[in-house]
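For reference, the structure is listed below as structure tokens.
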Amino acid sequence: MEILDGFVHELAAYGQVESTIMPTKEQIKSSDVIAFISNEELVLDAKIWAEINASKAIKIVVGDIIPQLTQMTDWQRAGEVEVYKLAGKTLDQPFLTRQLTAPQSEVIASASSYSKEVPAVIQKEGFLYLAPVALQQKTHLVAKQAIQKILDHQNVIAQSSLLLITNVDYNTNVERLQKIIDALRQENIPITLQIKTTIKDNKNNRIFKLRDNKPLVKLLRQVQQDGAKFVMKNERLGSVPMDFEEITIDGLYPIGSNYQYEGIPLRIQNTVNTYLPTKSGAIIEYVPIVLRYNVENITVAKEVVAAELRPYTGLNTVGVILQYPAYGKVSELKEYIASLDTIAQYEWLDLRKLPLRIDNEHVTVIQGESVEIIQHTPKWRMLVKRYQDNPAELLLWGMALFVLAFVVLFFINTLFMRLTLRKRLFKERSNHG
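The sequence shown: position 130 = 130 (our numbering), numbered continuously.
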């Protein structure tokens, strides 16, 4: 059922979706598309079915059901078949599906076992049926293509893409990262950095924090001010709040993590498909694609990336997250970017332009036309954290302030003594005068 629920996002990319289990006549009359998404037969009043069948709205059926639609009057189910392929491509695992009797001329994609073929996608004018097996393929390519074909895809957003610079941590070379940022700005590509707040040196049994690389923190603060957005790379779910506190103490405010966590709006994963909002507000599925770094032959590497991207070309309800590490070569990244235009026309996703709110015990960030930051962590807590991380540095600052205070007191005392002596000297001259 979860896979059916997730498919609602697919329809949301084409317009506003209103979910209901008991549609009213008013809802039916005002709908351009009526979608039935279920694995259980729908029980509706006969008058509602009559209203649905009289409607000129496009009908989409998703799931192992045969609603009382005129387009499905003669359909029947037969026995179950274990299929291994969908539209000629091997599934990740075998899938048990029911056979349907429907006109073969209307079948546009089939699932197959070793000896039988089962209709998976059936389409005719104003009608589309997607069997559950059509949703088993990675990113639902067959199903997405069928929906895009029947709906007015001219109104759909351009294909969305997010370029994510990964592996920003204590070891990051600041000059190299600056060059990568400059290269992205030249291409008008929004800057999104994936940051790891803490890394462990197992060899020497030491822990390094992002703030230990002061030039890096300074650069990150500057690019954040210029509109760059950050997401965290956390080792585990339990480390999210601790890492979030660490990074906000340094004045950096991430809007996402690779884990789902309350108060942090975006989840961006490196190896698993995820759902993200687009500039238009629609939520679509994003596929992670790695741009290989330090390759021997960049031409071959670009061909590999092109082969990974082509299945999604023209499919506007699938976005891509292109990932390149901060320790890669700037020239190599430029080559990849230049090759993208030869594959498809992408609209770069700018996370800064999404209305978001981060609510956490440490900070609240409200992102709209401007960014409002409300810090909840007390100043003393921030000082204590800094002392815990680097007591020697804080001790040196304390000594410096102590010496400064001593010098100030010395000058104040000297000034006071000079004024006192002048006053006494003035009185003595007045008495002897």
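The beta carbon of each residue, even a glycine, is placed where N, CA and C say it ideally should be.
Could you name the residues of the same chain whose beta carbon sits closer than 6 Å to that of F36, not counting the 5 residues immediately before and after it, in chain order?
V61, P67
Could you tell me the alpha carbon to alpha carbon distance between P190 and L351, rounded to whole angstroms?
8 Å
Just confirm the distance between the C-beta atoms of Y312 and V318, as a whole number of angstroms; I'd bet it's less than 8 Å.
5 Å
Quick one: any contact between the stretch 217-225 and the stretch 238-254, if contact means 3 or more CB pairs under 8 Å?
yes
If you run the structure through DSSP and keep just helix, strand and coil, what is L415?
In the structure shown, L415 falls within a helical segment according to DSSP collapsed to helix, strand and coil.
Per DSSP, P325 forms a beta bridge with which residues?
T166
Three-state secondary structure (DSSP) at V174?
helix
Can we say the stretch 48-60 touches the stretch 69-78, given the rule of at least three CB pairs closer than 8 Å?
yes
Please report the distance separating the alpha-carbon of K334 from that of I284.
27 Å
Out of F127, I289, F244, which one is the CA nearest neighbour of S161?
I289
What distance in whole Å lies between the Cβ atoms of F244 and I195, which are believed to be in contact at a cut-off of 8 Å?
11 Å between Cβ atoms; not a contact.
Could you check whether N270 and T166 sit closer than 8 Å to each other, using their CB atoms as the reference points?
yes
Determine, using beta-carbon pairs with one atom in the stretch 179-187 and one in the stretch 95-114, whether at least three such pairs fall under 8 Å.
no
Would you give the residue range spanned by the beta strand (DSSP E) that V107 belongs to?
107-112
Please name the residue, chosen from S113, V107, L151, Y114, that lies closest to L130 on a Cα-to-Cα basis.
The option with the nearest alpha carbon to L130 is V107.
Going by DSSP, name the residue or residues bridged to R77.
L100
Could you tell me the alpha carbon to alpha carbon distance between L237 and Y261, rounded to whole angstroms?
8 Å
Decide if L266 is buried, meaning its Cβ has at least 16 other Cβ atoms within 10 Å, or exposed.
Only buried fits L266, as 16 or more other CB atoms lie within 10 angstroms of its CB.
Just to confirm, is the Cβ distance from A102 to K85 under 8 Å?
For A102 and K85, no; Cβs fall outside 8 Å.
Can you tell me whether V408 is buried or exposed? The criterion is at least 16 other CB atoms within 10 Å of its CB, across all chains shown.
exposed
If you follow the alpha helix (DSSP H) that R221 is in, where does it begin and where does it stop?
Counting along the chain, the unbroken alpha helix (DSSP H) around R221 starts and ends at 214-225.
What residues match up with K209 in a beta bridge as DSSP calls it?
T198
Under 8 Å between the Cβ atoms of Y346 and Q145?
no
How far does the alpha helix (DSSP H) with K144 in it reach, from first residue to last?
DSSP places K144 in the uninterrupted alpha helix (DSSP H) bounded by 141-150.
If you drop the 5 nearest sequence neighbours on each side, which residues of the same chain put their C-beta closer than 6 Å to that of S31?
A57
Are there 16 or more other CB atoms within 10 angstroms of the CB of G398, so buried, or fewer, so exposed?
exposed
Going by DSSP, what residue range makes up the beta strand (DSSP E) through I37?
33-37
Excluding the 5 residues flanking L419 on each side, which residues of the same chain have their C-beta closer than 8 Å to its C-beta?
none
Please classify V17 as buried or exposed, where buried requires at least 16 other C-beta atoms within 10 Å of its C-beta.
exposed
Return the Cβ separation of L164 and Q27 in integer angstroms, given the expectation that the two are a contact with Cβ distance under 8 Å.
The pair is not a contact, with the Cβ atoms about 40 Å apart (cut-off 8 Å).
Could you tell me if D201 is buried or exposed, where buried requires 16 or more neighbouring beta carbons within 10 angstroms of its beta carbon?
exposed
In angstroms with no decimal places, state the Cα-to-Cα distance between L291 and Y336.
8 Å
Of all the options V133, N413, Y327, which has the alpha carbon lying nearest to the alpha carbon of A87?
V133
DSSP on I255, reduced to helix/strand/coil?
Correct three-state label for I255: coil.
Put V287 into one of helix, strand or coil per three-state DSSP.
strand
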